[in-house]
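Written out below as structure tokens is the structure these notes cover.
Numbering (our numbering), first residue to last: 292 to 383.
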């Protein structure tokens with residue numbers, strides 16, 4: 292995947308905006324608008340990393356995840372819950 296494709300995929304205009312979404316340092320929680328299909332995120336509530344299948348709004352925002360073992364589940368979006376996967380490696 293090229294940088295230009297990443298710009299288009301994340302809807303950004305330059306590398307700085309892309310870094311703010313994909314390489315949040317210091318690690319900031321994702322906003323719902325930042326979450327995209329096929330993106331891996333760290334869920335600090337469940338303390339695990341999952342792959343996003345799709346995001347949708349049905350009354351409130353939801354995220355459908357793949358658990359990596361062929362099962363999927365849906366959770367409601369909560370602020371300050373989903374982070375870049377690098378956060379899974381941080382010591383508490």
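We put the beta carbon where it would ideally sit given N, CA and C, even for glycine. Since the model is a prediction, treat every value here as computed from it, not as a measurement.
| Query | Result |
| --- | --- |
| According to DSSP, simplified to helix, strand and coil, what is residue 349? | strand |
| Helix or strand or just coil, what does DSSP make of residue 336? | coil |
| So is the beta-carbon of residue 338 under 7 Å away from any non-hydrogen atom of the ligand ZN? | Absence of the ligand ZN from the depicted structure is noted, as is the absence of any ligand whatsoever, leaving it without description. |
| Could you give the distance in angstroms between the alpha-carbon of residue 373 and the alpha-carbon of residue 321? | 6 Å |
| Excluding five sequence neighbours on each side, which residues of the same chain lie with their C-beta closer than 7 Å to the C-beta of residue 344? | 328, 355, 356, 357 and 363 |
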